[in-house]
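**Student:** My structure is below; once you've seen it, I'll send some questions.
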Amino acid sequence: MDERALVERCLAGDRDGLREFVEQFQGLVFAICLRQLGQRQDAEDVAQETLVRAVRHLHHWDGVRPLKPWVLMIAVNRCRTHQSRRKTRAHTVESVVEPAAPAARLGEFDLAEELQLALGQLRENYRTCFLLFHQQDLGIQEVAEIMECPEGTIKTWLHRARRELADLLRARGVVTEEGYELFRV
Amino acid sequence: MNCSEFESTLDELVDARGGQISEEAAAHRRSCPACAQLWRDHCLLDAAVKLWRPVEAPASLTDLVLRSLHDERPLLQPMRIEMEAAPRLPVRSGRWVVAVTAACLAMACLFAVRNGGDQRDRPMAHAPVAQSNDSTTPANAAPVEVSESVVALLADLKAEYRGLADETKATAQDFVAVLPQPVAWPNSALPGTGNEEASSQPVSEIGRSIGDQIGQAIGFLWQSVPSGDPSG
Numbered sequence: 029m030d031e032r033a034l035v036e037r038c039l040a041g042d043r044d045g046l047r048e049f050v051e052q053f054q055g056l057v058f059a060i061c062l063r064q065l066g067q068r069q070d071a072e073d074v075a076q077e078t079l080v081r082a083v084r085h086l087h088h089w090d091g092v093r094p095l096k097p098w099v100l101m102i103a104v105n106r107c108r109t110h111q112s113r114r115k116t117r118a119h120t121v122e123s124v125v126e127p128a129a130p131a132a133r134l135g136e137f138d139l140a141e142e143l144q145l146a147l148g149q150l151r152e153n154y155r156t157c158f159l160l161f162h163q164q165d166l167g168i169q170e171v172a173e174i175m176e177c178p179e180g181t182i183k184t185w186l187h188r189a190r191r192e193l194a195d196l197l198r199a200r201g202v203v204t205e206e207g208y209e210l211f212r213v
Numbered sequence: 025m026n027c028s029e030f031e032s033t034l035d036e037l038v039d040a041r042g043g044q045i046s047e048e049a050a051a052h053r054r055s056c057p058a059c060a061q062l063w064r065d066h067c068l069l070d071a072a073v074k075l076w077r078p079v080e081a082p083a084s085l086t087d088l089v090l091r092s093l094h095d096e097r098p099l100l101q102p103m104r105i106e107m108e109a110a111p112r113l114p115v116r117s118g119r120w121v122v123a124v125t126a127a128c129l130a131m132a133c134l135f136a137v138r139n140g141g142d143q144r145d146r147p148m149a150h151a152p153v154a155q156s157n158d159s160t161t162p163a164n165a166a167p168v169e170v171s172e173s174v175v176a177l178l179a180d181l182k183a184e185y186r187g188l189a190d191e192t193k194a195t196a197q198d199f200v201a202v203l204p205q206p207v208a209w210p211n212s213a214l215p216g217t218g219n220e221e222a223s224s225q226p227v228s229e230i231g232r233s234i235g236d237q238i239g240q241a242i243g244f245l246w247q248s249v250p251s252g253d254p255s256g
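Sequence lines, in order, name chains D and C. Our numbering runs 28 ahead of the 1-based position in the first sequence. Our numbering runs 24 ahead of the 1-based position in the second sequence.
Right, dumping it as structure tokens:
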């Protein structure tokens, strides 16, 4: 269905429209919240808050622009707010990272898990940028709009995020399997 | 190709979400250990991103969101209904409008009378008007022209004021009359304090003098009201 028509149904108070809107975006919103916050319970709370806020402010959405980045922008801002609150409670994402066995041979599951743990150690801007680009498959321009930064800044942050993640993975003993190189050569 | 160009090639690969590097870049990677490490990191991250498990939202999230939205509205609607159904208080500003208008008119008249003609130095310019029948009126004291409506208004005000003063004075005297006679002041009239004489003064007399003072004060205020009516 057309995004504009869906939004108009929601604004008219159509319950089916509201359900459709929530079901369409809850996966994306929950994913970005979980990757950003690193804890499932927090991610559920913030995702719920994000979707409620999105519905409540649907009349502010610019119909010319796509809906997905607008909803994700709300999610990113909610995550930021939640993280700042959590910092005041001295409970950071880093606290959930556990040391890995050095030079461990990683399976597919472990590699994704290690990436998630390393993400928790990145600066908030780098992490958001990396997630929006790689997880949500947004383009540089859309990420720039969501984060309200120039595209050049987003490219720089993305480059640094990848470099820091690689350093963190290497420091945690995540060794590169020879097979990975075969993808590229 | 140098290391900087190789790094730019990697960034282009990231922007394009994959692709092949050129033969030239591959040759540089084989000859440069630092760029070979960059390449391995790049491949590692791409593999990790691909292996990211898809995240599924909890099944209850939709219902939680819809319930939150639903719970907000019933809270607002009854409030709005209550506000609409609340009876409006009667507007009682009519009296105030009349009183304020009369006061403003009186002030304006007073100001106009005081500043009228050549009588700026005189404290009350309406005095010659009130004494216009008096033969002792100086010839140079020209009467100030006051319209008939203003004169009538001031006469009404003064008559009402006189009635109020009389009524207040009578009420005060009635109050004093009903007071019991053998009453003395409680503290200052104790024996041995030297105030026995004062304590022997009946309260009714004290009250009567208070009533007289009130009457005098009201009379003074009454006298201070300007009058355009020669009868005062």
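Cβ coordinates follow ideal geometry from the N, Cα and C atoms, glycine included.
#1: Taking the straight line between their C-alpha atoms, what separation do you get for residue 103/D and residue 65/D?
#2: Compute the beta-carbon to beta-carbon distance between residue 100/D and residue 160/D, rounded to the nearest angstrom, for a pair I have assumed lies under 8 Å.
#3: Determine the burial state of residue 39/C: buried for a count of at least 16 other Cβ atoms within 10 Å of its Cβ, exposed for fewer.
#4: Within 8 Å (strictly less), CB to CB, does residue 21/D reach chain C?
#5: Does DSSP put residue 174/C in a helix, a strand or coil?
#6: Kindly list the residues whose CB is nearer than 8 Å to the CB of residue 172/D, restricted to its own chain and excluding five residues on each side of it in sequence; keep chain order.
#7: Could you work out which residue in 188/D, 91/D, 140/D, 138/D is closest to residue 152/D when comparing CA atoms only?
#8: To the nearest angstrom, how far is the alpha carbon of residue 159/C from that of residue 186/C?
#9: Which stretch, first to last residue, makes up the alpha helix (DSSP H) that contains residue 28/C?
#10: What first and last residue would you give for the alpha helix (DSSP H) that runs through residue 185/D?
#11: Since residue 63/C is in the alpha helix (DSSP H), which residue starts that stretch and which ends it?
#12: Suppose contacts are defined by Cβ-Cβ distances below 8 Å. Is residue 48/D in contact with residue 39/D by that definition?
#13: Classify residue 120/C as buried or exposed, calling it buried when 16 or more other Cβ atoms lie within 10 Å of its own Cβ.
#14: I'd like the list of long-range same chain contacts for residue 55/C, defined as Cβ closer than 8 Å, with 5 residues on each side in sequence excluded.
#15: Check residue 174/D in the structure and name its three-state DSSP category.
#16: Taking the alpha helix (DSSP H) that residue 49/D belongs to, which residues open and close that run?
#17: Can you tell me which of the three DSSP states residue 100/D falls into?
#18: Can you find a CB in chain C that lies within less than 8 Å of the CB of residue 110/D?
#19: Using the C-alpha atoms, what's the distance from residue 52/D back to residue 202/D?
#20: Pull up the distance between the alpha-carbon of residue 197/C and that of residue 123/C, whole angstroms please.
#21: So residue 70/D is in the alpha helix (DSSP H); what residue range does that whole segment cover?
#22: For residue 173/D, would you say it is in contact with chain C, using Cβ-to-Cβ distances shorter than 8 Å as the test?
#23: Do residue 62/C and residue 197/D count as a contact pair if the criterion is CB distance below 8 Å?
#24: Could you give the C-beta distance for residue 177/C and residue 134/C, rounded to a whole number, given that I count them as a contact under 8 Å?
#25: Mapping DSSP to helix, strand and coil, what is residue 151/C?
#26: Quick check: what's the CA-CA separation for residue 255/C versus residue 173/C?
#27: If residue 89/C sits next to residue 163/D, beta carbons under 8 Å apart, how far is it from one beta carbon to the other, in whole angstroms?
#28: How far does the alpha helix (DSSP H) with residue 39/D in it reach, from first residue to last?
#29: Mind checking whether residue 27/C and residue 58/C have CB atoms under 8 Å apart?
#30: Strictly below 9 Å CB to CB, what residues from chain C border residue 226/D?
#31: How far does the alpha helix (DSSP H) with residue 152/D in it extend, from its first residue to its last?
#32: Please classify residue 45/D: is it buried, with 16 or more other beta-carbons within 10 angstroms of its beta-carbon, or exposed?
#33: Near residue 281/C, which residues of its chain fall below 7 Å by C-beta distance, leaving aside the five closest residues on each side in sequence?
#34: Could you give the C-beta distance for residue 150/D and residue 193/D, rounded to a whole number, given that I count them as a contact under 8 Å?
#35: Is it buried or exposed for residue 65/C, if we count other Cβ within 10 angstroms and need 16 for buried?
#36: Determine which residues of the region 67 to 96 of chain D have a Cβ less than 7 Å from any Cβ of chain C, and write them out in chain order.
**Tutor:** Taking the definition as stated:
#1: 11 Å
#2: 7 Å
#3: exposed
#4: Residue 21/D is absent from the model: chain D starts at 29 and stops at 213.
#5: helix
#6: 178, 179, 181, 182
#7: 188/D
#8: The predicted position of residue 159/C is uncertain, since its pLDDT is 49 and thus under 50; no value can be drawn from it.
#9: 27 to 39
#10: 179 to 199
#11: 57 to 74
#12: no
#13: exposed
#14: none
#15: helix
#16: 43 to 65
#17: helix
#18: no
#19: 36 Å
#20: 29 Å
#21: 68 to 84
#22: no
#23: no
#24: Incorrect: roughly 12 Å between the Cβ atoms, too far for contact.
#25: Low confidence applies here, because residue 151/C scores a pLDDT of 48, under 50, leaving its location unreliable; read the following figure in that light. If DSSP states are grouped into helix, strand and coil, residue 151/C belongs with the helices.
#26: Reliability of the predicted coordinates at residue 255/C is poor, the pLDDT of 44 falling under 50, and no value is obtained from them.
#27: About 21 Å; that fails the 8 Å criterion.
#28: 31 to 39
#29: yes
#30: Since the first residue shown for chain D is 29 and the last is 213, residue 226/D is missing from the structure and cannot be characterised.
#31: 152 to 158
#32: buried
#33: With chain C running from 25 to 256 in the structure shown, residue 281/C is simply not present.
#34: 7 Å
#35: buried
#36: 72, 75, 76, 79, 80, 83
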